[in-house]
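Protein sequence lines, in the order shown, are assigned to chains A and B.
The opening position of the first sequence corresponds to residue 1 in the numbering used here, with each subsequent residue numbered one higher.
The opening position of the second sequence corresponds to residue 1001 in the numbering used here, with each subsequent residue numbered one higher.
From the three backbone atoms N, C-alpha and C, an ideal C-beta is built for every residue, glycine too.
Every value quoted in this text rests on a predicted model; they were computed, and no experiment measured them.
Protein chains: 2
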Amino acid sequence: MSQPLYDFSVPVFVKALTNLKAQLGKAQMFCAEKKVEESTLLQARLAIDMFPLIKQVQIASDNAKGTAARLIGIEPPKMEDAEQSLSELMIRIDKTIAFLETLTPEQFRDAAHVKIRLPYFPEKHFLGGEFLPEYGVPNFFFHVVTAYAILRHVGVNIGKADYMGSLSMYND
Amino acid sequence: MSQPLYDFSVPVFVKALTNLKAQLGKAQMFCAEKKVEESTLLQARLAIDMFPLIKQVQIASDNAKGTAARLIGIEPPKMEDAEQSLSELMIRIDKTIAFLETLTPEQFRDAAHVKIRLPYFPEKHFLGGEFLPEYGVPNFFFHVVTAYAILRHVGVNIGKADYMGSLSMYND
């Protein structure tokens, strides 16, 4: 492992977001075939008091860039939540990945000891080495998996392999 | 970080399983209040070709113990998938956590270089240091979040805080 807090954030987020983008591509085909308005799909949700698909994707993007940025003490790029189509969500994912790809393992050298504050918890802080496994990773996957679950629930033609994506395997 | 492959597996799995168990406890109350058979809830699913709640929980348990065990080259305890109630699933989670809690960071010292084989990929292997972030963690959260999503979808009174659980935070 080069820098564990890099290894368990940046490439993990990039991979899951890449896979999510591909799922949204299949959702575009679904909308075209079924003659469903994309705006309808973007508002689909699993329960009336859960966030809809569009928000799940936006939050996954925010979590990925926010978590990585907080670990190295920089400001993440701000995004306006102004997306109105699947294509625009895919562009947002691209921008999020492009930001993540500017980060280097070296920048995460002291991340375990960084104090991290979240607006919902005033006058409290996490330490980076606990923040990532306890909060950053579970929260990120919450939104990525919920987005997948919404797509599956409405009938988009995706499966577990679309969620897992490509894997680093070696021949015996 | 003591041992990164420990830090991003055992305590992460224990926390998420602890939270999942508490959600199943609220699901018991839901069944009692709504006069829903537990066997009906255990078979609830988000799409007709997705696994039902019971299987999501069983697989989350299998992933947690299997991933941790593979990283240190031991056999995980076998469980029979014979659960028939929410209580029995909660006991399975307890047993899974009890196994995880026998593992020590020290055992994960060489885990990054361990060759890991999965039955679905014959004649191929992962290396532990890639297996955990690329496969183990995303796969585990897939099933934990899907279980949560099923519970939310049918109306069990849980929310994001039940998923996140307690967090290590410090006063400023």
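Check                                                                                                                                                                : Outcome
DSSP three-state call for residue 63 of chain A: helix, strand or coil?                                                                                              : helix
Kindly indicate which three-state DSSP category residue 1072 of chain B falls into: helix, strand or coil?                                                           : coil
On the three-state DSSP scale, how would you describe residue 54 of chain A?                                                                                         : helix
Using a beta-carbon distance below 8 Å, is residue 130 of chain A in contact with chain B?                                                                           : yes
State the DSSP-derived secondary structure class of residue 1135 of chain B, mapped to helix, strand or coil.                                                        : helix
Where does residue 1115 of chain B sit, in a helix, a strand or coil, going by DSSP?                                                                                 : strand
In terms of alpha-carbon separation, which member of A:142, A:135, A:33 lies closest to residue 157 of chain A?                                                      : A:33
Exposed or buried, what is residue 1119 of chain B when buried is set at 16 or more other beta-carbons lying within 10 Å of its beta-carbon?                         : exposed
Should residue 61 of chain A go down as buried or exposed, given a rule of 16 or more other Cβ atoms within 10 Å for buried?                                         : buried
I need the straight-line Cα distance from residue 1023 of chain B to residue 1053 of chain B, nearest angstrom please.                                               : 12 Å
Between A:170, A:18, A:78, which lies nearest to residue 1123 of chain B when the distance is taken from Cα to Cα?                                                   : A:170
By the criterion of Cβ-Cβ separation under 7 Å, what are the contact partners of residue 1152 of chain B in chain A?                                                 : 46, 47, 50
Between the alpha carbons of residue 93 of chain A and residue 1035 of chain B, how many angstroms are there, rounded?                                               : 43 Å
If you draw a straight line from the C-alpha of residue 1152 of chain B to the C-alpha of residue 46 of chain A, how long is it?                                     : 7 Å
Give me the residue from B:1071, B:1096, B:1104 with the minimum Cα distance to residue 1129 of chain B.                                                             : B:1071
Can you check whether the CB of residue 133 of chain A is closer than 8 Å to the CB of residue 1051 of chain B?                                                      : no
Where do the ends of the beta strand (DSSP E) carrying residue 1103 of chain B lie?                                                                                  : Careful: residue 1103 of chain B lies outside any beta strand (DSSP E) and carries neither H nor E.
Against chain A, which members of the segment 1104-1126 of chain B pass a CB distance test of less than 7 Å?                                                         : 1112, 1121, 1123, 1124, 1125, 1126
Return the CA-CA distance between residue 108 of chain A and residue 1005 of chain B, expressed in angstroms with no decimal places.                                 : 17 Å
Residues of chain B with a CB under 8 Å from the CB of residue 137 of chain A: which are they?                                                                       : 1008, 1012, 1137, 1141
For residue 46 of chain A, report the span of its alpha helix (DSSP H) as first-last.                                                                                : It is not in any alpha helix (DSSP H) - residue 46 of chain A carries neither H nor E in the DSSP assignment.
Determine the closest residue to residue 1100 of chain B out of B:1112, B:1038, B:1121, B:1075, with distance taken between C-alpha atoms.                           : B:1075
Only counting the same chain, and skipping five residues up and downstream in sequence, which positions put a Cβ closer than 8 Å to that of residue 1145 of chain B? : 1163
Does the Cβ of residue 1116 of chain B have 16 or more other Cβ atoms within 10 Å, making it buried, or fewer, making it exposed?                                    : buried
Helix, strand or coil: which one does DSSP assign to residue 167 of chain A?                                                                                         : coil
Considering only the beta carbon of each residue, do residue 1188 of chain B and residue 1090 of chain B sit closer than 8 Å?                                        : This structure leaves residue 1188 of chain B out entirely; chain B is present only between 1001 and 1172.
Along the chain, where does the alpha helix (DSSP H) containing residue 1178 of chain B start, and where does it finish?                                             : Because residue 1178 of chain B is not part of the residues shown, which for chain B are 1001 to 1172, the question remains open.
Using a cut-off of 8 Å between C-beta atoms, extract the partners of residue 1076 of chain B located in chain A.                                                     : Per Cβ cutoff of 8 Å: no residues; residue 1076 of chain B is ~21 Å from chain A at best.
Could you give the distance in angstroms between the alpha-carbon of residue 37 of chain A and the alpha-carbon of residue 31 of chain A?                            : 6 Å
Does the beta-carbon distance from residue 96 of chain A to residue 55 of chain A come in below 8 Å?                                                                 : no
Applying a beta-carbon distance threshold of less than 8 Å, which residues of chain B neighbour residue 101 of chain A?                                              : Neighbours of residue 101 of chain A on chain B: none; closest Cβ ~16 Å, over 8 Å.
Excluding five sequence neighbours on each side, which residues of the same chain lie with their C-beta closer than 6 Å to the C-beta of residue 1126 of chain B?    : 1116
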